[in-house]
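**Q** Protein chains in written order, with this note's numbering: chain A, 6 to 309; chain B, 50 to 292. Take this structure first; my questions come after.
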C-alpha cells in the first residue's frame with residue numbers, strides 16, 4: 006500500500022525503434038521519439054500501422070485511467086476536436102517485467118501559442134481567444150472544466166491555424182475540486198477564487214495564457230495580487246484591444262464562456278465601427294478584419 | 050458504500066527521531082487503528098537528494114500505510130497536496146478493492162482488470178474521494194533547524210486547506226507541533242474546517258536537538274481517536290459543532 010510520490014516528473018526512457026506491445030488489445034507501437042514528460046507520465050511519438058500516434062505511458066494505472074475516462078467521455082458528447090482523439094488503452098509488460106499502462110491518442114503536431122504569436126503577430130490573439138472560448142464552452146456544456154489550462158497544454162496546428170488542448174490530466178467534473186493545476190494559471194494561487202471546478206476557473210486561466218505569451222518567464226504573487234495582474238496586463242500594448250475582456254475574466258466577472266465570447270465579439274465589432282467613423286486607422290481595421298474573417302472561416306469549418 | 054471518514058496524520062519534518070519509542074512502530078499502530086501516516090521530509094539546500102539522511106521518512110510512511118516524499122523547501126506546497134490526495138486515493142482504492150473482492154470472490158489489483166473496465170473502478174474511487182469526509186492532523190516538527198522553513202510550511206498548509214475545501218466532503222484540520230517544553234506535542238490549532246491564511250502558526254520554536262518523532266505520532270494518534278470518540282458521542286451533530 007505504501008508508495009512514494011514520484012519525483013516531479015515520471016520519466017520513462019525508451020529508445021527510438023523500441024516496440025510497445027499491448028497486453029490486452031494486441032496492438033503494436035514503434036517508438037519514434039519522446040515528446041515530453043509530465044507529472045504522471047511520458048508521452049512518445051509512435052508509429053502504429055503506418056500512422057503517427059501519441060502514446061502516453063505511466064507506471065500509475067490509476068491516474069492514467071482517469072485521463073482515459075475523460076477522453077472517452079469527451080468523445081461521446083461531440084464530434085469536433087475537444088482534446089486529442091483516443092485510439093487505444095492498454096498495458097505493456099516491458100522486458101524487465103515492469104507493467105506500464107498506456108493509451109494511444111491522435112498526434113497533434115504544431116507549435117506553442119507563444120511561438121506562433123511571436124512569428125505571426127498579435128493579430129492572431131483574438132482568433133485564438135475565440136477558438137478557445139468556443140472549445141471551453143463545449144467542455145463546460147459537456148459537464149467538464151478543463152482545469153490545467155496553460156500554454157504548455159495548447160498546440161497551434163493545422164493548415165488553418167487552430168488552437169488545440171492536448172493534456173486532459175486536469176480535466177475535472179463541474180462541481181468537484183480541480184485535479185491538477187499550475188500555480189501561475191491557478192486563480193486560487195492568486196487569491197482570486199476557489200479551486201472548485203466551475204467555468205470561470207478556466208476563463209481565468211485563459212486570460213493568464215494571454216499574459217504568459219508576453220511574460221514567458223512568468224512572475225510570482227505578492228500581497229496585492231489583483232493589482233499585480235492588472236498592472237502586468239496594462240503594460241502589454243498588444244493586449245490593449247482585449248483588456249476589458251481579460252480584466253473581467255481575471256476578476257471572475259464572467260460566469261460562462263458564452264458571456265466572454267459575446268463581450269469579445271462586441272469589442273472587436275465596436276472597435277471596427279469607431280475606427281471607421283474616425284480617421285481610418287489601418288492597423289486596427291486590418292487587425293479587426295483579419296480576426297473576423299479568420300473566426301468566420303473557423304466557424305464554417307467547425308459547423309461543416 | 051456509505052459516506053465514510055478518512056483519517057490521516059501528515060508529518061512534516063527535517064530530521065531523524067532521537068528520543069522515545071520507534072516512530073515506525075508508532076506509525077504501524079496508528080495504521081492498525083485505521084489512521085494512515087504520511088510523511089514529508091524536507092532537505093536542506095546543502096543536502097543531496099540521493100544521499101539524504103531521511104530514510105526514516107520512508108519507513109514511517111510504509112508502516113503507517115501512507116505516502117512519503119523527501120523534497121526541498123520550494124516544492125513543499127505542491128507536495129503537501131499531492132501526498133494528502135494520493136494517500137486518500139490509495140486508501141479509497143483499498144476499500145474499493147475489498148468491495149470488488151466481495152463481488153469477484155478474489156482480491157484483484159487494478160492491473161489485473163481489463164483497461165476498459167478499469168474506468169468504472171476509478172470513477173468510484175474518484176467519487177468517494179470527492180465526497181468522503183477527511184480528518185487531517187498536521188504534525189509539524191518545529192525544532193530549531195526548521196526555523197527558516199516554517200513560513201513555507203504555513204503557506205503550504207493554507208494552500209492544502211484551500212484545495213480540500215473545493216471538495217464536496219467535509220474536512221477537519223488540526224495542527225500540532227513537536228517538540229514542546231512541556232509534554233510531547235503542543236496544540237497550535239484545534240479542529241477547524243479550514244485553515245486561515247492569517248492564523249498565527251508556530252509561535253514557539255524549541256531548540257536543543259530533541260526530536261521525539263515516535264511519541265509525537267503516538268500522541269497524534271490519540272488525538273485523532275479522541276475526536277472520533279467525541280463524534281460518536283455527539284452523533285451526527287459532531288460535524289456541525291466543530292466549525
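A virtual CB, placed ideally from N, CA and C, is assigned to each residue, including glycine.
Rank A/202, A/188 and A/148 by C-alpha distance to the C-alpha of residue 128 of chain B and give the top, closest one.
**A** A/188
**Q** Can you name the residues of chain A whose CB is closer than 9 Å to the CB of residue 259 of chain B?
**A** Under the 9 Å cutoff, chain A gives no residues; its nearest Cβ is about 27 Å from residue 259 of chain B.
**Q** Just the C-alpha distance for residue 208 of chain A and residue 154 of chain A, rounded to the nearest angstrom, thanks.
**A** If I take the Cα positions, the gap works out to 9 Å.
**Q** Compare the Cα-Cα distances from residue 262 of chain A to each of A/166, A/116, A/210 and A/64 and report the closest residue.
**A** A/210
**Q** Determine, using beta-carbon pairs with one atom in the stretch 60 to 74 of chain A and one in the stretch 92 to 104 of chain A, whether at least three such pairs fall under 8 Å.
**A** yes
**Q** Where does residue 129 of chain A fall in DSSP's three states?
**A** helix
**Q** Using a Cβ-Cβ distance under 8 Å, would residue 45 of chain A count as near chain B?
**A** no
**Q** Using the beta-carbon of each residue, which ones in chain B are nearer than 8 Å to residue 74 of chain A?
**A** 168, 171 and 172
**Q** Under the three-state reduction of DSSP, which class applies to residue 187 of chain B: helix, strand or coil?
**A** strand
**Q** Residue 172 of chain B: which of A/23, A/68, A/96 and A/33 sits nearest, CA to CA?
**A** The alpha carbon of residue 172 of chain B has as its nearest neighbour, out of A/23, A/68, A/96 and A/33, the alpha carbon of A/68.
**Q** Identify every residue that forms a DSSP beta bridge with residue 49 of chain A.
**A** A/39 and A/60
**Q** Taking 8 Å as the CB-CB cut-off, is residue 142 of chain B touching chain A?
**A** yes
**Q** Under 8 Å, Cβ to Cβ, is there at least one residue of chain A near residue 216 of chain B?
**A** yes
**Q** Is the Cβ of residue 182 of chain A closer than 8 Å to any Cβ of chain B?
**A** yes
**Q** Against chain B, which members of the stretch 97 to 119 of chain A pass a CB distance test of less than 7 Å?
**A** 104
**Q** Is DSSP giving residue 136 of chain A helix, strand or coil here?
**A** helix
**Q** Once you ignore the five residues that flank residue 269 of chain B on each side, which residues in its own chain have a CB closer than 7 Å to its CB?
**A** 58, 186, 188, 225 and 234
**Q** If you compare alpha carbons, which of B/92, B/196, B/192 and B/265 is closest to residue 125 of chain B?
**A** B/92
**Q** Which two residues bound the contiguous alpha helix (DSSP H) that contains residue 107 of chain B?
**A** 104 to 112
**Q** Let me make sure I understand the geometry here. Which of A/95, A/44 and A/139 has the alpha-carbon closest to that of residue 31 of chain A?
**A** A/95
**Q** Please report the straight-line C-alpha distance between residue 199 of chain B and residue 239 of chain A, rounded to a whole angstrom.
**A** About 35 Å.
**Q** Quick check: the Cα distance between residue 176 of chain A and residue 147 of chain A, rounded to an integer number of angstroms?
**A** 12 Å
**Q** Helix, strand or coil for residue 176 of chain B per DSSP?
**A** helix
**Q** Would a C-beta distance cut-off of 8 Å place residue 37 of chain A and residue 110 of chain A closer than the cut-off?
**A** no
**Q** Going along chain A in order, which residues have a C-beta closer than 7 Å to the C-beta of residue 212 of chain B?
**A** 182 and 200
**Q** Between the Cα of residue 262 of chain B and the Cα atoms of B/229, B/239, B/275 and B/276, which residue gives the shortest distance?
**A** B/229
**Q** Does the pairing of the stretch 130 to 137 of chain B with the stretch 157 to 168 of chain B give three or more beta-carbon distances under 8 Å?
**A** Too few Cβ pairs lie closer than 8 Å, so no.
**Q** Using a C-beta to C-beta distance shorter than 9 Å, which residues of chain B count as neighbours of residue 29 of chain A?
**A** For residue 29 of chain A, the neighbours in chain B by C-beta distance under 9 Å run, in chain order, 163, 164 and 165.
**Q** Residue range of the beta strand (DSSP E) that residue 173 of chain A falls in?
**A** Unbroken run through residue 173 of chain A: none, as it is neither H nor E.
**Q** May I ask which residues mark the beginning and end of the alpha helix (DSSP H) holding residue 82 of chain B?
**A** Segment: none, residue 82 of chain B is in no alpha helix (DSSP H) and carries neither H nor E.
**Q** Note down, in chain order, every chain B residue with its Cβ under 9 Å from the Cβ of residue 77 of chain A.
**A** 168
**Q** If we define contact as Cβ-Cβ less than 8 Å, is residue 159 of chain B a contact residue for chain A?
**A** yes
**Q** Take the Cβ of residue 170 of chain A as the centre, count every other Cβ of all protein chains shown within 10 Å, and call the residue buried at 16 or more, exposed below.
**A** buried
**Q** Just checking my contact of residue 182 of chain B with residue 232 of chain B at CB under 8 Å: how many whole Å lie between their CB atoms?
**A** The pair is not a contact, with the Cβ atoms about 29 Å apart (cut-off 8 Å).
**Q** Show which residues of chain A have a CB atom less than 9 Å away from the CB atom of residue 230 of chain B.
**A** Near residue 230 of chain B there are no residues of chain A at all, since even the closest Cβ is about 33 Å away, more than 9 Å.
**Q** Apart from the five residues on each side of it in sequence, which residues of its chain come closer than 7 Å, Cβ to Cβ, to residue 76 of chain B?
**A** 86, 109, 112, 113 and 266
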